[in-house]
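Taking it in order: structure first as structure tokens, then the write-up.
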Amino acid sequence: MTTDTWLNAVRWNDDGLIAAIAQESGSGTVLMLAWMNREALQLTRSTGHAVYWSRSRQRLWHKGEESAHQQIVHAIRLDCDGDAVLLEVEQKGGIACHTGRHHCFYRQLDDNGVWVETVPVLKDPATIYPI
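Quick note on the numbering used here: the sequence shown kicks off at 42 and runs consecutively.
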């Protein structure tokens, strides 16, 4: 029988959420930042697939439910303060970002204070998320 006492170590914010960083297993690339509530973290552990809390939709969001770009979770790590988790994942389809890029951190601040897009679009988002 599995207990969920491990969730007691998590320091949830006032909204009952914790920041979740998805990092690609093997390469170490940070793919994205999302949010999890208690249920999302429980489901992520029990299913082995990343489940997040969508603040905009106010519901659980199974990564890849629309795009098929799921994240298979290899490890869940809690940071030293207990207020952020790191998911080591295998990114299916190579696309983690809704913009069609490999990861969400595709803009880099240059020396002139300009955000420059440094990561290419791998797939047109309109083909990933048809209306």
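Note that beta-carbon positions come from the ideal geometry of N, C-alpha and C, so glycine has one too.
Residues bridged to Tyr93 (per DSSP):
Trp102
Flag this pair as yes or no: are the beta carbons of Leu74 and Ile59 separated by less than 8 angstroms?
no
For Phe146, which residues of its own chain have a beta-carbon under 7 angstroms away from its beta-carbon, when the five flanking residues on both sides are left out?
Val71
Nearest candidate by alpha-carbon position, reference Asp55, set His115, Asn78 and His144
Asn78
So, under 8 angstroms CB-CB, Leu48 and Leu101 are touching, yes? Tell me the CB distance rounded to an integer number of Å.
The pair is not a contact, with the Cβ atoms about 16 angstroms apart (cut-off 8 angstroms).
Does DSSP put Glu80 in a helix, a strand or coil?
helix
Which one of Gln111, His139, Ser66 and Pro166 has the shortest CA to CA distance from Lys133?
Gln111
Need the endpoints of the alpha helix (DSSP H) that Ile169 sits in, please.
Pro166 to Ile169
Short of 8 angstroms in beta carbon distance, which residues of its chain neighbour Ile169, apart from the five on each side in sequence? Order them along the chain.
Glu107, Ser108, His110, Ile136, His139 and Gly141
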